[in-house]
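Before any comments, here is the structure.
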Amino acid sequence: MDNPENKKGITIKINGEEKPLVEDNGRDSVKVAKNQTSAAIEPEDESFEWVFPKDEDVFYQPPASMKKKNPTILAFGGKRKNPENKSGTSLKFPFFAILFAVIIGSSLGVIVLKTITADKEVAAVPVEPVIPSERVKGDKKTAAASTIQPLTVYLVQGGMFSNEEAAKQIQEQVTAKGVPTKILKQGESYYLFLGSATSLDESKQLAMFLKSYDVEVFWKELTLKPGSVASGNEAIMNKMITVYQNLTKASSEQLLNPTATTDLKPFQTELEELKANVKDDAPAGLKAAYSDLSVAADLIKQYQSTKETSQLLKAQQKLLQFLNSYQI
């Protein structure tokens, strides 16, 4: 009888594993083999069939490369920089952006704050209306009335002299011919005037008229400044200037055109107002000026009835005397 230890065993490979098969008896060995085989087959029976979609319904996309790219940062120069090169470069852009935003915001805040504060300060100071006193109002009226503009006149000139004696000699000669005369000093010179007009062109015509009396004539525009007589009597003097201009126009026009007529009613009304203002205690120069105008108006009125040229020449004489009183 053979020794069982010397018998060569039988091995069976199941699922990649070798297992020995002991032949205790033929029935048991076959039974074990069946059981082992059944155990190896059972997992296949328990599996289920997987259902996959058709190939035409599946969109296949190859997987993207999973390699991670290094991030890039756009610096202020427009160049891309790799953060691996310099560790501090990635912090520059946000740092400067934040700093710039802080500066802009602070500046705008200060401007708005100042504007609001200024508006409040302006609103906090009420403007008190200034109510002028009666005295101030009176002073303004007086100041407006006290302004006398220099008087511009257009005269017929009979000569200019360096001294008054020479002027008087010629004056006597011209007066003897029935021509009005008056000497006015301007600066260091003495002027002999023979007539008054309302414009430079009219003074030329009047000069030609007086030349017929065999006298030497010129025409001149002159600006006269008011003298001391106007001080404190500005309103009266301004009214006298208006009367002088109206009387000058009436007398010169009628000398040049004997058929011309003049309405004397406005002159009479103005002279009556002046008479009420020129009191007895008024300065002598002011009373003399009023008298010259009043006499000139009477002479022009007489000419309306007599038509004598001498009346108009005498009126011109009084108007020249008024100019002398005006600047004294």
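Quick note: the sequence shown uses our numbering, first residue 189, plus one each step. Built from N, CA and C at the ideal position, the CB exists for glycine as well.
Excluding sequence positions up to five away, which residues of its chain have a Cβ less than 7 Å from the Cβ of K467?
Answer for K467: no residue qualifies.
Residues that DSSP places opposite L507 in a beta bridge
Note: L507 sits in no beta bridge, so no partner.
Rounded to a whole number of angstroms, what is the C-alpha to C-alpha distance between G476 and T497?
The question names Gly, but residue 476 is Ala in the sequence shown. Distance between the alpha carbons of A476 and T497: 24 Å.
With 8 Å set as the bound, which would you pick, yes or no: does the beta-carbon of K370 sit closer than that to a beta-carbon of chain D?
Although the question refers to chain D, the structure presented lacks it and comprises just one protein chain.
Rounded C-beta distance between A503 and S439? I'm assuming under 8 Å.
Confirmed, about 5 Å.
Could you check whether Q456 and Y491 sit closer than 8 Å to each other, using their CB atoms as the reference points?
The answer is no: Cβ separation not under 8 Å.
Using the DSSP secondary-structure output, state which residues sit across from Y342 in a beta bridge.
A385 and E409
Contact under 8 Å by Cβ, A485 with L507:
no
DSSP-derived helix/strand/coil call for Y432:
Helix.
Could you tell me whether the Cβ atoms of L382 and W407 are closer together than 8 Å?
L382 places its beta carbon 8 Å or farther from that of W407.
Other residues of its chain near E409: CB distance less than 6 Å, five sequence neighbours each side excluded:
Y342 and L388
What do you get for S416, buried or exposed, if any count of 16 or more other CB atoms within 10 angstroms of its CB means buried?
In this structure S416 is exposed. Its beta-carbon is surrounded by fewer than 16 other beta-carbon atoms within 10 angstroms.
If you measure between the beta carbons of V483 and V405, is that distance less than 8 Å?
no
L462: first and last residue of the uninterrupted beta strand (DSSP E) it sits in:
L462 -> not in any beta strand (DSSP E); alpha helix (DSSP H) instead, spanning K453 to N465.
Cα-Cα, which of N465, V367, F349 and L301 is closest to Q499?
V367
What span of residues does the beta strand (DSSP E) with Q374 cover, start to end?
For Q374, the enclosing beta strand (DSSP E) has its first and last residue at K370 to Q374.
Buried or exposed for Q361, please, with buried defined as at least 16 other CB atoms from any protein chain shown within 10 angstroms of its CB.
exposed
Among I371, T386, Y514 and P282, nearest to S479 - alpha-carbon criterion
Y514
Residue environment, T369, which counts as buried when at least 16 other CB atoms sit within 10 Å
buried
Under a Cβ-count criterion, where at least 16 other Cβ atoms within 10 Å of its own Cβ denotes burial, should N351 be classed as buried or exposed?
exposed
Over the uninterrupted alpha helix (DSSP H) stretch that includes D480, give me the two end residues.
A472 to T494
Quick one: what's F349 bridged to in DSSP?
Y378
With a CB to CB cut of under 8 Å and the five nearest residues on each side skipped, what residues in its chain are close to L398?
V344, V367, L382, G383 and V405
To which residues of the same chain is K373 closer than 8 Å at the C-beta, ignoring the five residues directly before and after it?
E352 and Y379
Can you tell me the Cα-Cα spacing of N512 and S419, whole angstroms?
So the two alpha carbons sit approximately 16 Å from each other.
Below 8 Å CB to CB, which residues in the same chain sit around A448 once its five sequence neighbours on both sides are set aside?
E441 and Q442
Have a look at M348 and A354 and give me their C-alpha separation to the nearest angstrom.
9 Å
Would you mind sorting L296 into buried or exposed? The rule is 16 or more other CB atoms within 10 Å of its CB.
exposed
Using only alpha-carbon positions, find the residue among L339, G293, G346 and T386 that is nearest to D133.
Residue 133 lies beyond the residue range present for the chain, which begins at 189 and ends at 516; the question has no answer from this structure.
Using the beta-carbon count (16 or more within 10 Å), is L459 buried or exposed?
buried
Tell me which residues share the same chain as S377 and place their Cβ nearer than 6 Å to its Cβ, disregarding the 5 neighbours each side in the sequence.
Taken in chain order, the residues that qualify are M348.
Once the 5 residues before and after F284 are set aside, which same chain residues still bring their CB inside 6 Å of it?
none
Measuring straight from C-alpha to C-alpha, what distance separates Q357 and Y432?
28 Å
Less than 8 Å between the beta carbons of M428 and P414, yes or no?
no
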